[in-house]
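Colleague:
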Amino acid sequence: MKFTKMQGAGNDYVYVNCFEETITNPQQVAIQVSNRNFGVGSDGLILIMPSEVADVRMRMFNSDGSESEMCGNGIRCVAKYAHDHGIVSKTEITAETGAGILTLQLVPGSDGKIEKVRVNMGAPRLTRGEIPMTGDASAKVIAEPLTILDRTFQITCASMGNPHCVIFVDDVENFPVATYGPLIENHELFPRRTNVEFVQIFSRTEIRQRTWERGAGETLACGTGSSAVTAACVLNGLTGKKILNHLLGGDLEMEWAEDGSIYMTGPAVEVFTGEIIL
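All letters in the sequence shown, in the order written, are residues 2 to 279 by my numbering.
#1: Closest to T23 by CA distance: which of V54, M2, G11, Q8 is it?
#2: Excluding the 5 residues preceding and the 5 following A140 in the sequence, name in chain order all residues of the same chain whose CB lies nearer than 8 angstroms to its CB.
#3: Considering I185, what are the terminal residues of the alpha helix (DSSP H) in which it resides?
#4: Using the C-alpha atoms, what's the distance from T274 back to P183?
#5: Identify, in the order they occur along the chain, each residue of the same chain with its Cβ nearer than 6 angstroms to the Cβ of F328, setting aside the five sequence neighbours on each side.
#6: Could you tell me the distance, in whole angstroms, from the CA atom of S43 to the CA atom of S35?
#7: Inspect the beta-carbon positions of I47 and G75 and report whether they are closer than 7 angstroms.
#8: Using 8 angstroms as the cut-off, can you tell me whether the segment 198-218 makes contact with the segment 239-253, which would need three or more C-beta pairs spanning the two stretches below that distance?
#9: Within the continuous beta strand (DSSP E) that includes L236, where are the two ends?
#10: Relative to the C-alpha of I32, which residue among S67, H188, D13 is closest?
#11: Leaving out five residues before and five after F4 in sequence, what residues of the same chain have Cβ atoms less than 8 angstroms from its Cβ?
#12: Thinking C-beta only, is M61 closer than 7 angstroms to V79?
#13: Measure the alpha-carbon distance for L103 versus T266 and round it to whole angstroms.
#14: Taking 8 angstroms as the cut-off, does the segment 176-191 touch the segment 220-234 (at least 3 CB pairs, one atom from each stretch)?
#15: Which residues in the same chain as M107 place their Cβ atom closer than 6 angstroms to its Cβ, once the five residues preceding and following it in sequence are excluded?
#16: Secondary structure at V108, three-state DSSP: helix, strand or coil?
#17: According to DSSP, simplified to helix, strand and coil, what is S262?
#18: If I follow the unbroken alpha helix (DSSP H) through I76, where does it start and stop?
#19: Around the Cβ of A100, are there at least 16 other Cβ atoms within 10 angstroms (buried) or fewer (exposed)?
#20: Along the beta strand (DSSP E) that carries P146, what are the first and last residues, could you check?
#21: Going by DSSP, name the residue or residues bridged to T195.
#22: Tell me where the alpha helix (DSSP H) around V270 begins and ends.
#23: Identify whether S35 lies in helix, strand or coil by the three-state DSSP scheme.
#24: Could you round the C-beta distance between N163 and M255 to whole angstroms and report it? I think they count as a contact, below 8 angstroms.
#25: Compute the Euclidean distance between the alpha carbons of T157 and V30, then round it to the nearest angstrom.
#26: Suppose the cutoff is 6 angstroms on Cβ atoms and the five residues either side in sequence are ignored; what does the same chain contact list for T153 look like?
#27: Report the three-state DSSP secondary structure of V30 (helix, strand or coil).
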């Protein structure tokens, strides 16, 4: 199988051009290629596919083989790959995902290749039924207490096509993400499990985020998570609607715009290409 390794803010995936390649068992392939000792090494597998309703289609699989609806860092790399490898020639394209059809604006560098991408991530979905969570389907979850082990957190939850649970902490660098992340990911409140974001507020315009991703563990960045965090910051009155989010792998520019959508701008980088025997 031919593949391309790409990363967006350190969130790295193995990308396969399914305009040319055929994969019949993506769950198994995702587990194999993601292994950092015996495979390529990645946070998961992303398939770049033809679409009947958009310019391209993205399917994304976590490193444990589970399929996720969307990946904000991943879709930027899909857009870069599609442009740089001649699948599309436009600098504004649409991509079909499990979270719907998204519009992406591509920013070329001096060499004509795409350096960064601005993505309309859509409007955050805030009710328990939309996330999904157990309980009153029409209720929102904003600063709701959740006790895990010895701590009670105030959680704010949203869906960006996939579920997120946002928690604000005083010192995110030293927070034990690996202790609390999996317990919240698999909590009975979340029937489809959840991604968990731990966030420190620096100012009205600047934050830092660490993410425990559903099915992958802690990753260097999460674009849908950054979008959910943007909504949570505003809903809790902690920041304005335009923020710079520092993640372990790099920075994302975020905006909850007047049209109700959240926009994310960040890098997309091709690292290397190769072939792997499956």
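Ideal Cβ positions, reconstructed from N, Cα and C, are used throughout, including at glycine.
None of these values were measured; they are calculated from a predicted model.
Modeller: Based on what the coordinates show:
#1: Working through the sequence shown from its first residue, we reach residue 23 at position 22. Taking only the C-alpha atoms, the option nearest T23 is M2.
#2: Locating residue 140 in the sequence shown gives position 139, counting from the first residue. Annotation for A140: T128, R129 place their beta carbon closer than 8 angstroms to its own, counting only its chain and skipping 5 residues before and after.
#3: The sequence position of residue 185 within the sequence shown is 184, counting from 1. For I185, the enclosing alpha helix (DSSP H) stretches over residues 178-186.
#4: Stepping through the sequence shown from its first residue, residue 183 is reached at position 182. Stepping through the sequence shown from its first residue, residue 274 is reached at position 273. Taking the straight line joining both Cα atoms gives about 32 angstroms.
#5: What is shown of the chain runs 2 to 279, which leaves residue 328 out entirely.
#6: Locating residue 43 in the sequence shown gives position 42, counting from the first residue. Locating residue 35 in the sequence shown gives position 34, counting from the first residue. The alpha-carbon atoms of S43 and S35 are separated by roughly 4 angstroms.
#7: Locating residue 47 in the sequence shown gives position 46, where the first residue counts as 1. Locating residue 75 in the sequence shown gives position 74, where the first residue counts as 1. Yes. Within cutoff.
#8: Output reads yes: the segment 239-253 touches the segment 198-218.
#9: Here residue 236 is taken as the residue at index 235 of the sequence shown, counted from 1. Note, L236: premise wrong, no beta strand (DSSP E); alpha helix (DSSP H) at 224-236.
#10: Within the sequence shown, the letter at position 31 stands for residue 32. The candidate whose alpha carbon is nearest that of I32 is S67.
#11: Residue 4 sits at position 3 when you count from the first residue of the sequence shown. Correct list, in chain order: V15, Y16, V17, V34, V41, T274, G275, E276, I277.
#12: To locate residue 79, count along the sequence shown from 1; it is residue 78. To locate residue 61, count along the sequence shown from 1; it is residue 60. No; because the gap between Cβ atoms is not below 7 angstroms, this pair is not in contact.
#13: For this step, residue 103 is matched to residue 102 along the sequence shown. For this step, residue 266 is matched to residue 265 along the sequence shown. One C-alpha to the other measures close to 14 angstroms.
#14: Under the three-pair Cβ rule at 8 angstroms, the segment 220-234 does not count as touching the segment 176-191.
#15: Working through the sequence shown from its first residue, we reach residue 107 at position 106. As written in the sequence, residue 107 is Leu, which differs from the Met given in the question. The beta carbon of L107 sits closer than 6 angstroms to those of A80, H84, T92, I115, V118, all from its chain and outside the five residues before and after it, given in chain order.
#16: For the purposes of this step, residue 108 is identified with residue 107 of the sequence shown, where counting begins at 1. Strand.
#17: Counted from its first residue, the sequence shown places residue 262 at position 261. Residue state, collapsed to three classes: coil.
#18: Position 75 of the sequence shown holds residue 76. Looking at the DSSP string, the run of the alpha helix (DSSP H) that includes I76 is 73-85.
#19: Position 99 of the sequence shown, counted from the first residue, corresponds to residue 100. The residue in question, A100, is buried, as its Cβ has 16 or more Cβ neighbours within 10 Å.
#20: Translated into the one-based positions of the sequence shown, residue 146 becomes position 145. Counting along the chain, the beta strand (DSSP E) containing P146 begins and ends at 145-149.
#21: Along the sequence shown, one-based indexing puts residue 195 at 194. DSSP, once it has assigned bridges, lists no residue as partnering T195.
#22: Reading the sequence shown from its first residue, position 269 is the one you call residue 270. Premise fails: V270 lies in the beta strand (DSSP E), 270-276, not in any alpha helix (DSSP H).
#23: Numbered from 1 along the sequence shown, position 34 holds the residue referred to as residue 35. Three-state result, S35: helix.
#24: Taking the first residue of the sequence shown as 1, we reach residue 163 at position 162. Taking the first residue of the sequence shown as 1, we reach residue 255 at position 254. Incorrect: roughly 17 angstroms between the Cβ atoms, too far for contact.
#25: For the purposes of this step, residue 157 is taken as the residue at position 156 of the sequence shown. For the purposes of this step, residue 30 is taken as the residue at position 29 of the sequence shown. C-alpha of T157 to C-alpha of V30: approximately 34 angstroms in a straight line.
#26: The residue labelled residue 153 in the question sits at position 152 within the sequence shown. Answer for T153: P146, listed in chain order.
#27: Within the sequence shown, numbered from 1, the residue matching residue 30 stands at position 29. Correct three-state label for V30: helix.
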